[in-house]
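Chemist: Numbering (our numbering), first residue to last: 230 to 288.
(1) In angstroms with no decimal places, state the Cα-to-Cα distance between residue 376 and residue 268.
(2) Give me, in chain order, the residues of the same chain whose beta-carbon lies closer than 6 Å to that of residue 260; leave out the 5 immediate sequence neighbours on both sides.
(3) Determine the direct distance from the alpha carbon of residue 278 to that of residue 236, and round the result to whole angstroms.
(4) Quick one: give me the first and last residue of the beta strand (DSSP E) that residue 249 is part of.
(5) So, helix, strand or coil for residue 255, using DSSP?
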C-alpha cells in the first residue's frame, strides 16, 4: 500500500506543506531524505528518523 509523510507533521515549525509519497515505507523514507535536503538537512539523525517513521501514513 502507498505511504505518505506530511512534512509539517515531522517539523511543524517548518511551515512546509509538502507531502512525501512512496509506494512503500522504504520508498517514502528515501523520498523524505531527498526532500530534507531542501530544508538543509543532509544527515538524518536517529531522532529525526524516529520522528519521520512515526509520521508515515497510508495514502
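Yeah, the Cβ is synthetic: ideal placement off N, Cα and C, and Gly gets one too.
Remember, predicted model here, so these are calculated numbers, not experimental data.
Modeler: Looking at the coordinates:
(1) For residue 376 there is no data in the structure shown, the boundaries of the chain being 230 and 288.
(2) Taken in chain order, the residues that qualify are 249, 251.
(3) In a straight line, the C-alpha of residue 236 is about 13 Å away from that of residue 278.
(4) 248-251
(5) helix
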